[in-house]
Amino acid sequence: MKSKGVKIGVIGCGTIGTGVVKCLLENKKYLQRHLGFSLELVRVADLYPRKKRDVKIPSGVMTKDSNAVLNDPEIDIIVELVGGTTFAKQVILKAMKNGKSVVTANKALLAKYGLELHEKAEKNGVDLYYEASVGGGIPIIKTLREALVGNRIDAIWGILNGTCNYMLSKMTDEDLTFDEALKEATINGYAESDPTLDIGGFDAQHKIGILASLAFGQWVPQNKIYVEGIEKVTDFDIKCADEMGYVIKLLGIAKVENKSISVRVNPTFIPKTTMLGNVKDAFNAIEIDGEPIGTAILTGLGAGMGATSSAVIADIVDIARNIASGSAGRLSALTFMDKELPFKKIDDIKTRYYLRFRVEDKPGVIAKIAKALGDRNISLSSVIQHEPYSETKNVHATFMTHLAFEKDIKAAVKLINKFKEVKAKTTIFRVEAD
Ligand code: HSE
1306 MKSKGVKIGV IGCGTIGTGV VKCLLENKKY LQRHLGFSLE LVRVADLYPR
1356 KKRDVKIPSG VMTKDSNAVL NDPEIDIIVE LVGGTTFAKQ VILKAMKNGK
1406 SVVTANKALL AKYGLELHEK AEKNGVDLYY EASVGGGIPI IKTLREALVG
1456 NRIDAIWGIL NGTCNYMLSK MTDEDLTFDE ALKEATINGY AESDPTLDIG
1506 GFDAQHKIGI LASLAFGQWV PQNKIYVEGI EKVTDFDIKC ADEMGYVIKL
1556 LGIAKVENKS ISVRVNPTFI PKTTMLGNVK DAFNAIEIDG EPIGTAILTG
1606 LGAGMGATSS AVIADIVDIA RNIASGSAGR LSALTFMDKE LPFKKIDDIK
1656 TRYYLRFRVE DKPGVIAKIA KALGDRNISL SSVIQHEPYS ETKNVHATFM
1706 THLAFEKDIK AAVKLINKFK EVKAKTTIFR VEAD
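This is how it looks when you write it as structure tokens:
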């Protein structure tokens, strides 16, 4: 056991960095009682060292120079919290080369370079931990790496973006429009500085890629993940979903079916009676279907200073224990399968669909649409036609299908969109109901 404690260097002292530094300083005695040795915050680097922060950092700790931290021979663990994928990658590689274990919250970096970073960690005999990268305070990475490691996981899916969940909840429960909901999410500090990362589904793409890689023991590159954001979700679709017993959630979904992997992010109809259907506001939730465990669901706050710094501290403690027992870098979190499974294209997935057609209100239109679907072997589970709206005399007809292949849905809808009675591009949402 290291008698002098494990030494920490933090690079990047924004909101999360400040939360981590605060916890390391203010909970020092508490952490020491848990560990049996101390965690010493040695250096903190930030481009703006003099910025006012909600923590008193001891003199001599703060620096503008990240190299002063990376090259400090005393430091055992580097906490990378600068964000972005270029400088952050350089920081991590240099830390590893210098024999230091790394904690990061950087989901974009891991999604892009995770395989390379795991290999570098293994080569350098150091740990790479990243609990805060997915689900904020929810211990999902540790759960996959340790608690469920004995399972064959067939599916992992869930609500991975708090901003989108907040917006969809406001649209559902308070009848806000998309723009009003986005404004509120931004005011409350949920959205990324570039909110297209959230609403376009890209933040969830990073996260489901990391989760699927850990769950399936096979690296899932970002270009194998199909992504649709929530931009097309209207208040009208939310009302239709409600009428049919569903809510719309942005889900990251990864499944192994028929010996191939499908990974996607899309706004999804799920029954409002399910646990995930009741996870609201900025909360995240992740469901895992494995053998022998069956189904497990974890939920909690997916972002914010408290949740994220809690996850970073947990990683620091884990690595500190490894260092203290001489076992840092003993195993990569990715243990590869003998044979890598192929990835399924979106056209080859089979799921249920919600289709909303805007059509002229005249005899035979619904029958014509139903026939085009039937000709592609698409069976309907329900059909609702709403009263004509406005002076156009158009009606919305919403169809719920049974399981169908995506390529058949696309082909049928392409044909239907050409019917003269169809007055707008058909809205399609995937449904997870079984
Ligand atoms: N913008 C992200 C979200 C933050 O809304 O979930 C956490 O990754």
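Residue numbers for the sequence shown follow my numbering, so the first one is 1306 and each next one is one higher. We put the beta carbon where it would ideally sit given N, CA and C, even for glycine. Only a predicted model underlies this, so the values are computations on that prediction, with no experimental measurement involved.
Contact defined as beta carbons within less than 8 Å: I believe glutamate 1379 pairs with valine 1347. What is the distance between those atoms, to the nearest angstrom?
6 Å
Is DSSP giving serine 1406 helix, strand or coil here?
strand
Nearest-angstrom Cα separation, counted from phenylalanine 1734 out to aspartate 1653
16 Å
Would you say isoleucine 1530 and isoleucine 1515 are within 8 Å of each other, going by their C-beta atoms?
no
Threshold first: 3 residues or longer. Then list the beta strand (DSSP E) segments lying entirely within the region 1499 to 1570, N to C.
1530 to 1532, 1551 to 1562
If you measure from the CB of alanine 1350, is any heavy atom of the ligand HEM nearer than 7 Å?
This structure simply doesn't include the ligand HEM; it includes the ligand HSE instead.
What residue does the alpha helix (DSSP H) around aspartate 1623 start on, and which one ends it?
1610 to 1629
Report the rounded CA-to-CA distance for lysine 1650 versus alanine 1716, giving the unit in angstroms.
15 Å
Start and end of the beta strand (DSSP E) containing asparagine 1589?
1588 to 1596
With 16 other CB atoms within 10 Å as the buried threshold, where does lysine 1394 fall?
buried
Do three or more CB pairs link the region 1601 to 1608 to the region 1316 to 1334 at distances below 8 Å?
no
Rounded Cβ spacing between isoleucine 1566 and leucine 1449 (contact assumed at less than 8 Å):
The Cβ separation is near 15 Å, so there is no contact.
If you follow the alpha helix (DSSP H) that histidine 1691 is part of, which residue opens it and which one closes it?
That residue, histidine 1691, is in no alpha helix (DSSP H); it is neither H nor E in DSSP.
Where does leucine 1352 land, buried or exposed, given buried means 16+ other C-beta within 10 angstroms?
exposed
Is arginine 1355 helix, strand or coil when you go by DSSP?
coil
Give me the Cα-Cα distance between phenylalanine 1507 and glutamine 1527, rounded to the nearest whole angstrom.
10 Å
Once you ignore the five residues that flank leucine 1370 on each side, which residues in its own chain have a CB closer than 7 Å to its CB?
Going by the sequence as given, residue 1370 is aspartate instead of leucine. Within the same chain, aspartate 1370 has close Cβ partners Ala1350.
Could you tell me whether any non-hydrogen atom of the ligand HSE is closer than 7 Å to the CB of tyrosine 1495?
yes
How big is the Cα-Cα spacing for tryptophan 1524 and alanine 1426?
16 Å
Distance check for alanine 1460 and arginine 1661, CA to CA, integer angstroms please.
28 Å
To the nearest angstrom, how far is the alpha carbon of glycine 1419 from that of tyrosine 1435?
10 Å
Span separating the alpha-carbon of glutamate 1451 from that of isoleucine 1602
16 Å
The ligand HSE heavy atom lying under 7 Å from the CB of glycine 1388:
no
Based on DSSP bridge pairs, tell me the residues matched to histidine 1701.
Arg1663
Environment of glycine 1569 [buried if 16+ CB atoms lie within 10 Å]:
Note that residue 1569 is arginine in the sequence shown here, rather than glycine. Buried.
Would you say the beta carbon of asparagine 1571 comes nearer than 7 Å to a heavy atom of the ligand HSE?
no
Could you round the C-beta distance between leucine 1298 and leucine 1555 to whole angstroms and report it? I think they count as a contact, below 8 Å.
A question about residue 1298 goes unanswered here, because the residues of the chain that appear run from 1306 up to 1739.
Delimiting residues of the alpha helix (DSSP H) encompassing lysine 1417:
1412 to 1429
Distance, Cα to Cα, glycine 1442 vs serine 1364?
30 Å
Proline 1444 and alanine 1587 closer than 8 Å at C-beta
no
Which residue marks the beginning of the beta strand (DSSP E) containing lysine 1312, and which one marks its end?
1311 to 1316
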